[in-house]
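This report concerns only the one structure given below.
Residue numbers (my numbering), protein chains in the order written: chain E, 1 to 116; chain C, 117 to 228.
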């Protein structure tokens, strides 16, 4: 049973370009979470999605960032007009049921975004 | 607002000893705490979950305690090995919350 998959593993963008990060949850998981990890900082929650729905986006920056989890295909985290401060590791996690039901999250290997 | 702190940024310990990592939270008791291991360049790996009504949880050489009076969780690795060297993250979630809030982690180094 494959774990959470993320691609690309490394992404380099120039300022002003768009970054698209993909996440395929574990088989059977329909709950997806995105986190950002800046150097020397902890993991910060960004957004929680179920299929076709954004449930909690309280950690998402108000501008330039968006996320989706379509009925078919992976979840996408999209960052428009990237700036140097967006450089970070972005992790996706999935769970069998919502975290609020005492469910552990399984993390992917992350996408390391570098903005030049 | 709720805060979670892992007291030590780094902890060095001799092989064979018990490593003890601390996670403190402020304000209200979280519904549960989760502990993860993260190796450099990798994603966090789930280790243990402990609920607010549980005092202790064990898994092989790992033990987690939850003290709601002290607002603290302790994470123990007994008979530590160099392979246990990694960063350990503590994360909490409140009742009905959909997100995990993590501490900054403690980097454990087990010296042969």
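Here a beta-carbon is modelled for each residue, glycine too, at the ideal position from N, C-alpha and C.
Residue i, DSSP secondary structure in three states
i, result
"residue 155/C", "coil"
"residue 97/E", "coil"
"residue 211/C", "coil"
"residue 84/E", "helix"
"residue 2/E", "coil"
"residue 103/E", "coil"
"residue 40/E", "coil"
"residue 77/E", "strand"
"residue 121/C", "strand"
Chain E contact residues for residue i, given Cβ-Cβ distances below 9 Å
i, result
"residue 216/C", "33, 35, 43, 45, 93, 99, 105"
"residue 205/C", "42, 43"
Identity of the residues DSSP links to residue i by a beta bridge
i, result
"residue 175/C", "178/C"
"residue 134/C", "Bridge partners of residue 134/C: none, in fact."
"residue 31/E", "50/E, 95/E"
"residue 189/C", "139/C, 182/C"
"residue 147/C", "None; residue 147/C has no bridge partner."
"residue 113/E", "11/E, 88/E"
Beta strand (DSSP E) segment containing residue i, residue limits
i, result
"residue 24/E", "19-24"
"residue 167/C", "161-167"
"residue 128/C", "126-130"
"residue 223/C", "222-227"
"residue 44/E", "43-50"
"residue 56/E", "53-56"
"residue 194/C", "No beta strand (DSSP E) holds residue 194/C; DSSP gives it neither H nor E."
"residue 67/E", "65-68"
"residue 201/C", "From DSSP, residue 201/C is part of no beta strand (DSSP E); its letter is neither H nor E."
9 Å Cβ cut-off: residues of chain C touching residue i
i, result
"residue 55/E", "214"
"residue 108/E", "159"
Partner residues on chain C for residue i, Cβ-Cβ distance less than 8 Å
i, result
"residue 48/E", "214, 215"
"residue 59/E", "215"
"residue 102/E", "147, 148, 165, 167"
Residues that residue i contacts on chain E, provided the C-beta gap is smaller than 8 Å
i, result
"residue 239/C", "A query on residue 239/C cannot be resolved here, the shown segment of chain C reaching from 117 to 228 and no further."
"residue 182/C", "What residue 182/C touches in chain E: nothing, since even the nearest Cβ is about 13 Å away."
Any non-hydrogen atom of the ligand SAH closer than 6 Å to residue i Cβ
i, result
"residue 222/C", "The ligand content of the structure shown is nil, which means the ligand SAH is not present either."
Near-chain A residues of the segment 124-152 of chain C (beta-carbon distance less than 8 Å), N- to C-terminal order: This model lacks chain A altogether, as its protein chains are E and C.
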